[in-house]
Amino acid sequence: MRPRVTSHDLSAEEMERIREQSDIRDRLRAWESENHIPAKRLLSDLPTRDIPLSNYLTRPDMLPGSTEAINGQYTDFNDNKSQANRALYDGDELEDLRGSTSALVAGDLVETRYGSGRLPILAICLGDHHGLKYFYMSTGEVVPEQNIPTLFTLTNFINPASFRHITDIIPPKPVSNPRNVLSHRKNEDALATAARLQEALTTFRANSVSFYQAHDKLDHASTFLALPDKPDYLSLEEIAEKLLPEFLKVKDKFSPHALYAVHCALQRDEWGFRPLNLRWHRRNYIYEVRPASDARILRRTEIQVRELIEGAALREKPAESLTLLKQNSLGQFILKARGVIEASRKRREWTPHGMIGPSEKEADKVMMWSNRDLDYIRFMELWACHRIVPKASQLETLGSTILRLTNCYTQDEWLAHWTAFTFLQEIGWIPPWDIPARYEYRFPDTKVHRGTPIKMPLVDVNASLRPDIAAGSRRDWGDTTVFCVDAESTTDVDDGFSVESTNTPGVYWIHVHIADPASAIDPHSDVARRLQQAPSSLYLPGFPNKMLPRDLEQQFSLDPGQPTLTFSAKVNDQGQILDHKVEPGIIKNVLHVPKNEVAAVLPGLLTQQPSTAPFSVGTPPPPSTPTKQITKASALSQTDRDNLLLLNRLCKALKHQREKKGQLPPFQARFNSPEVSLAPTSAYGDPEIPGSSITWVGDPFIRFSDHATTEADRLVERLMHTAGEVAARFCAERKIPIPYSTQPEAIRNKSELAAFRRTQLDPLTLKGKPIPVETLHALFALVGTSELAIDPAPFYSVGLDAYAKSSSPLRRYADLVVHWQIHAALARERATQSSLAGTDCSEADFLPWRRSTLAPVLPMLQAQQRQIKQVDNKDGPTQWIAQALLRAWRFGEAPLPATFTFIVDGLYAFGLRGRLASFYNLSASIDLAQLSGFAKMAEIKVDDLIEVEIKDINVVTTQISVQPLRRLTMATSQKQPGVMGAAARVAV
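When we follow my numbering, the leftmost residue of the sequence shown carries the number 8, and every step to the right adds one.
So, in structure tokens, the structure goes:
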């Protein structure tokens with residue numbers, strides 16, 4: 008046999024002769040010309056546009072030290088930029104101050120993921136250093152992070168003293184390129200310490216993997232936990248209780264590595280479990296367990312899509328092949344949907360912006376869907392609306408394949424979840440104006456359904472009532488004037504206030520009268536259990552939903568003759584609380600005075616005047632009829648006016664006392680929650696008929712404006728703080744367990760906060776100057792987040808030693824719990840004729856909630872409160888505003904400026920993020936591609952002003968993309984309305 012000769016065995020001359028004689032290049036060129044395929048650009052490794060999609064093919068995961076250009080938080084600290092990229096906040100000093108890493112302390116272990124990466128990274132918190140929180144990552148890096156998403160937290164994992172050699176080399180300013188401190192500071196002791204930390208993380212992970220492999224049940228967790236047809240919500244500990252045998256517990260608890268193994272199992276089953284939301288997690292993690300019916304639909308859809316993909320491989324244009332689509336039920340559904348979409352586009356224009364156009368035309372007929380069709384519609388709903396897998400997953404591939412086979416979205420650049428949202432609108436499953444935020448509500452036994460208000464389970468109200476627990480013991484407030492300050496349209500009036508003189512000059516009783524449904528609702532009834540599942544009224548514009556059944560709300564909304572639970576503070580002119588008490592009563596002389604009327608009585612004008620007029624699209628609804636008798640400022644007697652002025656003076660004195668304990672100054676929200684009316688719309692078809700499409704005619708009225716705060720707002724806020732302080736003091740004196748509002752990080756950072764306030768914040772507030780966002784960011788990182796706790800503790804942001812929300816029992820379940828506990832204590836004191844102050848009532852059997860039963864409830868209650876706030880105060884309003892802006896820009900429903908002033912807030916790999924300073928400070932972005940020919944990234948810095956025009960709007964992701972036109976100076980930008988002071992008046 009002749010030996011094989013390779014090119015390595017040939018001389019240079021022989022190789023050259025072969026090349027001269029060969030025609031392979033000519034033949035390849037000829038073949039290429041005959042079989043020409045247009046060149047396709049590969050996906051870039053890094054994003055070049057500000058969209059919630061990433062490249063999962065060539066760069067599926069990112070490492071912490073290489074991500075400064077992606078997260079942008081520490082970019083270019085050492086160059087000539089004016090400052091670091093800023094983060095914006097929405098104002099609310101009472102709830103969540105957005106410092107998701109602030110709850111972590113040195114020695115804690117967390118699991119995190121970077122960007123859209125799927126690689127779990129373990130990290131050890133190294134503590135705060137030079138104003139930043141540093142972490143040692145399991146990738147061997149030491150990096151700073153401000154808002155690290157965590158899905159698993161283990162406190163006190165390692166002694167902070169053991170990594171002193173690493174913290175000693177952390178520089179005053181963050182390093183970059185890469186961000187890894189160990190890459191810039193070579194130190195043998197630090198490297199040896201890093202090796203020990205790596206060994207601890209490796210051991211922890213290995214123990215967890217071994218545990219996971221020893222318990223096969225974890226691989227089938229959803230089989231054991233999923234309910235048949237409704238989701239469930241469980242904490243990690245509750246899931247472990249259901250999956251693991253009891254004998255594995257050590258001192259009644261599962262070991263940390265066992266809990267981490269359970270956590271990893273849940274993460275692997277992304278169709279069966281999802282965290283309630285990364286943004287709401289702190290130390291307690293709540294998971295949503297998808298029902299078995301949804302899992303069945305997902306698996307069936309996967310099989311059907313695979314069948315179509317296999318058939319599509321044999322066809323040049325699969326979307327046009329009827330034989331392909333008719334071969335299974337999914338293809339038949341696609342054909343039917345295609346016809347419905349074609350009919351829809353004759354009435355409403357399709358857009359690539361996440362919603363279809365406005366219309367007043369009715370449909371000729373309504374499509375009826377089969378049960379199999381409904382499964383595929385449900386699949387699209389799970390993907391596009393509920394976002395059951397928010398990160399990249401197989402779900403994206405299945406959904407985009409279905410959209411591609413409809414052949415209806417060939418003009419769309421993306422076949423993403425927002426395209427599927429439009430698909431559901433076009434087939435008549437959801438309204439053309441529906442907003443994804445509605446589907447973020449996640450409560451047990453509730454359903455967000457097809458443009459209708461959220462469905463709550465029915466309960467027997469009458470069977471849940473009890474006789475008045477304070478009957479015969481209520482104080483008659485007689486002629487005392489009680490001021491109820493709300494909007495004219497408010498129907499659930501749950502607080503009022505009055506003032507009473509004492510025999511001591513300069514000393515007064517401030518009474519805050521709160522509606523009293525707790526006196527009549529049995530805390531162990533079906534109504535009480537339902538309220539615990541959905542623990543707040545929902546104020547999402549367009550889709551409000553009250554916590555209490557309507558009859559109960561009207562029965563206890565404040566009016567003459569209604570029962571109250573009154574929280575009273577004895578206050579002197581210096582704002583010192585000398586005494587306090589809580590007592591049930593009945594109010595008789597009630598004045599409903601709108602805030603603007605109260606503001607007309609109080610000294611001072613609007614504290615923050617709107618810079619622009621309200622913006623609206625659609626037909627405004629007729630004025631609503633007040634549900635109560637309204638008193639104007641002109642109708643108030645001189646005594647009433649004097650009392651309002653006295654209350655305002657006393658509340659300002661209380662504010663000065665609270666400021667001494669750290670109360671934060673008021674911060675301005677970016678804009679008011681928009682006013683939305685669905686009155687101009689009508690629906691044809693019945694959403695209760697399972698297989699029926701619906702045609703919606705008309706479009707909502709949407710109006711929004713800049714936020715404005717009056718003296719009346721501040722007065723009411725300070726009075727509600729007073730009620731919360733009295734409630735907390737009353738319960739703390741008796742050790743009654745209630746949901747106290749606390750800020751543990753602020754307590755831990757007390758000395759740093761005092762120094763920061765003294766040098767950075769207080770000098771600005773004393774001079775009335777605006778507070779830079781960077782200063783606020785540092786402040787919020789020190790204050791930390793608000794947490795519900797079973798024990799009282801200082802609440803720094805309002806300057807109180809203890810605080811418990813108690814002013815809204817008609818709207819918030821936690822407030823109702825406080826009232827139930829106080830009523831039970833007052834009833835006990837009346838029965839025994841003695842005060843419980845000084846006694847320990849934490850496990851008293853006369854309380855509806857003992858400490859041991861209430862404490863486990865608080866994590867879920869807190870997660871739900873944050874969820875509701877995220878939807879009602881942020882996601883929902885911004886989606887409505889994006890919708891209004893799109894209708895004005897694309898369909899000309901309202902006049903818009905031709906150009907806007909864009910202020911730069913951050914520089915990122917994909918381009919710039921900032922705000923339209925001349926238009927309500929709406930968030931916007933400039934993609935990197937749009938900067939080509941305009942400016943280099945190196946030439947732009949934070950706070951630069953650029954004249955822009957709108958390029959694109961996505962109402963699902965609420966992203967506004969703009970095209971830069973020219974650079975501006977502050978002098979030229981102030982010629983546009985609303986720009987004056989925009990650089991300083993940043994939303995917080």
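Glycine is no exception: its CB is placed at the ideal position from the N, C-alpha and C atoms.
Query, Result
"Buried versus exposed call for Phe787 [16 or more other C-beta atoms within 10 Å across all chains shown]", "buried"
"Touch test, the stretch 759 to 766 against the stretch 866 to 873, Cβ-Cβ under 8 Å, three pairs minimum", "no"
"Start-to-end residues for the beta strand (DSSP E) that takes in Gln569", "569 to 579"
"Same chain, Cβ closer than 7 Å to Gln90, neighbours up to 5 away in sequence not counted", "For Gln90, the predicted model reports a pLDDT of 46, less than 50, meaning its position is unreliable; a value from the coordinates is still stated below. Within the same chain, Gln90 has close Cβ partners Glu781, Val949."
"8 Å CB neighbourhood of Asp693 in its chain, flanking five on each side removed", "Ser699, Ile701"
"Straight-line Cα distance separating Tyr267 from Ala207", "15 Å"
"Cα-Cα separation between Ala213 and Ala272, rounded to whole angstroms", "15 Å"
"Meets three-Cβ-pair contact criterion under 8 Å: the stretch 429 to 440 and the stretch 459 to 466", "no"
"Inter-residue CB distance, Lys812 and Ala821 (contact presumed, cutoff 8 Å)", "6 Å"
"Closest by C-alpha distance to Ala690, when choosing among Asp706, Leu833, Gly592", "Asp706"
"Span separating the alpha-carbon of Thr885 from that of Gln339", "37 Å"
"Supposed close pair Gln670, Val805 - CB separation, criterion 8 Å", "5 Å"
"Cβ separation of Ser480 and Arg837, assumed to be a contact under 8 Å, to the nearest whole Å", "6 Å"
"Outcome for His599 when other beta-carbon atoms lying within 10 angstroms are tallied against a minimum of 16", "buried"
"Collapsed DSSP secondary structure at Lys958 in the structure displayed", "strand"
"DSSP beta-bridge partners of Ile131", "Leu116, Tyr143"
"Spatial distance of Ala967 from Glu277 (CA atoms)", "The question names Ala, yet the displayed sequence has Ile at residue 967. Cα to Cα, Ile967 sits roughly 30 Å from Glu277."
"Distance between beta carbons of Ile957 and Lys896, contact taken as under 8 Å", "Correcting the residue type first, residue 896 is Trp in the shown sequence and not Lys. That pair is a contact at about 5 Å."
"Per-residue DSSP class, three states only, for Trp703", "strand"
"Counterpart residues of Val500 in DSSP-defined beta bridges", "DSSP lists no partner for Val500."
"Nearest candidate by alpha-carbon position, reference Asn596, set Ala891, Ala202, Leu643", "Leu643"
"Residue ranges of each alpha helix (DSSP H) within the stretch 253 to 290, 4 or longer", "263 to 275"
"Where the alpha helix (DSSP H) through Phe737 begins and ends", "718 to 741"
"Option in Ala525, His518, Thr487 with minimal Cα separation from Lys588", "His518"
"Unbroken beta strand (DSSP E) run spanning Ala931, endpoints", "929 to 934"
"Which of helix, strand or coil DSSP assigns to Ile593", "strand"
"Residues bridged to Asn552 [DSSP beta-bridge criterion]", "Leu545"
"Rounded C-alpha distance that separates Lys506 from Ser815", "Reading off the sequence shown, one finds Val at residue 506, where the question assumed Lys. The alpha-carbon atoms of Val506 and Ser815 are separated by roughly 20 Å."
"Straight-line Cα distance separating His784 from Pro178", "20 Å"
"Span of the alpha helix (DSSP H) around His424", "424 to 433"
"Strand pairing of Phe708, partner residues [DSSP]", "Ser684"
"Alpha helix (DSSP H) runs contained entirely in the stretch 823 to 910, provided each spans 4 or more residues", "858 to 861, 865 to 876, 883 to 898"
"Distance cut-off 7 Å: Arg537 Cβ against heavy atoms of the ligand ZN", "Absence of the ligand ZN from the depicted structure is noted, as is the absence of any ligand whatsoever, leaving it without description."
"Nearest-angstrom Cα separation, counted from Arg755 out to Gln767", "19 Å"
"First and last residue of the uninterrupted alpha helix (DSSP H) at Gln767", "Gln767 -> no alpha helix (DSSP H), and no H or E assigned at all."
"Beta strand (DSSP E) segment containing Asp239, residue limits", "239 to 242"
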